[in-house]
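Here's the structure, in structure tokens; my notes come after.
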Amino acid sequence: MSHAADPIPLDYYIYYRVRDRASACERVHAMQDDIAARTGVRGRLMCRADDDDETLMEVYPAVVDPNAFEDALEAALEAHGIDALVADGAARHVERFRCA
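For the sequence shown, our numbering begins at 7 and goes up steadily by one.
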């Protein structure tokens, strides 16, 4: 009898420039609370360490169900109006990594 292998968890790194960091941080933290409630994945929010403090990065570690996570992320983005926070000419970049 064979068993399906456990899925390899993915870490998500999502970065983008925002118009107003203070406003964006407040709304993104609320969005991350919603995502955690829906998926159990607790995200972190970081800002760039060099001169550009308008670049944010959301980090979501150990996502074991990428489809459910991405559905929850998409719903939370819309519910919290996150796309409206992104700076003109910028976009949210989503990167997924797994352990090597």
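All C-beta atoms, glycine included, are put in the ideal place defined by N, C-alpha and C.
Where residue i sits in the DSSP three-state scheme
| i | result |
| --- | --- |
| Cys-105 | coil |
| Asp-12 | coil |
| Asp-94 | coil |
| Met-7 | In this predicted model, Met-7 has a pLDDT of only 49, less than 50, meaning its place in the structure is not dependable; the value taken from the coordinates is given anyway. In this structure, Met-7 counts as coil in the three-state DSSP scheme. |
| Val-69 | strand |
| Asp-58 | coil |
| Asp-26 | coil |
Cross-strand partners of residue i (DSSP beta bridge)
| i | result |
| --- | --- |
| Thr-45 | The partner list for Thr-45 (beta bridge, DSSP) is empty, contrary to what the question assumes. |
| Met-63 | Tyr-21 and Met-52 |
| His-86 | DSSP lists no partner for His-86. |
| Val-100 | Ile-20 |
Beta-carbon proximity check, residue i vs residue j, cutoff 8 Å
| i | j | result |
| --- | --- | --- |
| Val-34 | Leu-51 | yes |
| Leu-4 | Asp-89 | Because residue 4 is not part of the residues shown, which for the chain are 7 to 106, the question remains open. |
| Asp-12 | Tyr-66 | no |
| Val-69 | Pro-15 | yes |
| Gly-49 | Glu-64 | yes |
Contact test: residue i Cβ vs the ligand GTP heavy atom, cutoff 7 Å
| i | result |
| --- | --- |
| Ile-88 | As presented, the structure is devoid of all ligands, the ligand GTP included, so that no description of it is given. |
CB contact check: residue i to chain B, cutoff 8 Å
| i | result |
| --- | --- |
| Tyr-18 | In the structure shown, chain B cannot be found, because there is only a single protein chain. |
Residue i versus the options, residue with shortest Cα-Cα distance
| i | options | result |
| --- | --- | --- |
| Leu-79 | Tyr-22, Ile-41 and Asp-26 | Ile-41 |
| Asn-73 | Met-63, Val-47, His-86 and Cys-31 | Val-47 |
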